[in-house]
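The opening residue of the sequence shown carries number 378 in the numbering used here; numbering runs sequentially from there.
Ideal Cβ positions, reconstructed from N, Cα and C, are used throughout, including at glycine.
These numbers were taken from a predicted model, which means no experiment stands behind them.
Some notes on the structure that comes next.
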Amino acid sequence: MKTNVLTSIAILLFATLTTFGQGCFLNGSSSNLGQTTKFSGNPNFDQINTQEYYYLVQKFGVSPDLYYLQDGDTPNAYATPKVSNPNLQDGTVLIGFSLIQQECLQSSSGTCSAIPIVMAHEFAHIVDFKFGTGLSGKHKELFADYLAGCYMYFRSVEFKTTFVQEAALSFFQKGDYSFNSPQHHGTPNQRYNCLMNGYQLAYNMSMRGQHLSLQGAVNAAIQYVRRF
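Now the structure itself:
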């Protein structure tokens, strides 16, 4: 998978749709927004991501449009409430090619396991846009990390190929110490802890034979991230 992804990036022909609007960035920077496309250039990778998309829709209860993003030298992902498709009214999610390349290169398992969890983080922002959490600043980002952790558990059960610690390390590495910056997303430990506590909540409830609803996950995430 890693080789195929990198090859598809190299041969990609980008579409002319330009990214728009305000939203939330995985890495806190909007300076690298560029052109977007619906297709990666690799049909197998697109098929995998389409499967992931529908599982994300099922678990998060939202239906945003999904694009790949030409994110230049700053690996990133992006969620915005801006509607790009009238048939998908919950906003738009964009995943950067540079981010995909970075995660695949760093994937010791060769599965690029962090990419679906990054997608889940962006879907969690769509949940926030649609339903509202009352959170602001870094707490919105940590909320998205927590919900991504819940999804990581469900995905590990469904697909059996999620390398949890690999994904958790990726989120740890995306933390920062820019406490006075409006782009502050939380420290490495905060991001790691939010992701893993979301995972643990879903795991614990499953072990007790209980179902973790979306509303239950949202409530738990809001309560947890407010301690930071």
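- With distances taken between CA atoms, ALA497 lies nearest to GLY526 out of LYS537, VAL541 and GLY526.
- Selection SER475, TYR430 and CYS489 evaluated against CYS481 yields CYS489 as nearest (Cα-Cα).
- For ALA521, the closest C-alpha among the options GLN483, ARG568 and PHE531 is that of ARG568.
- With a cut-off of 8 Å on Cβ pairs, the segment 441-451 is not in contact with the segment 586-603, counting fewer than three such pairs.
- Selection LYS517, ALA594 and TYR431 evaluated against GLY563 yields LYS517 as nearest (Cα-Cα).
- Note on geometry: alpha-carbon atoms of SER583 and ILE425 lie some 26 Å from one another.
- In this structure, LYS436 is the residue among ASN462, ALA456 and LYS436 with its C-alpha nearest to the C-alpha of LEU589.
- Within the same chain, HIS561, HIS562, GLY563, GLN567 and PHE605 come within 8 Å of LYS515 by CB-CB distance, once the 5 residues on both sides are set aside.
- Taking TYR530 as the centre and dropping the five residues before and after it, the same chain places the C-beta of TYR576, ALA579 and TYR580 closer than 6 Å to its C-beta, in chain order.
- Counting only runs that start and end inside the segment 546-576, there is no alpha helix (DSSP H) element of at least 4 residues.
- Its chain contains GLY526 and ALA545 as the residues whose beta carbon lies nearer than 7 Å to that of MET573, once the 5 sequence neighbours on both sides are disregarded; these appear in chain order.
- VAL434 and VAL504 do not touch by the CB rule: their CB atoms are close to 11 Å apart, not below 8 Å.
- Looking at the backbone, the Cα of PRO493 and that of GLY511 are separated by about 26 Å.
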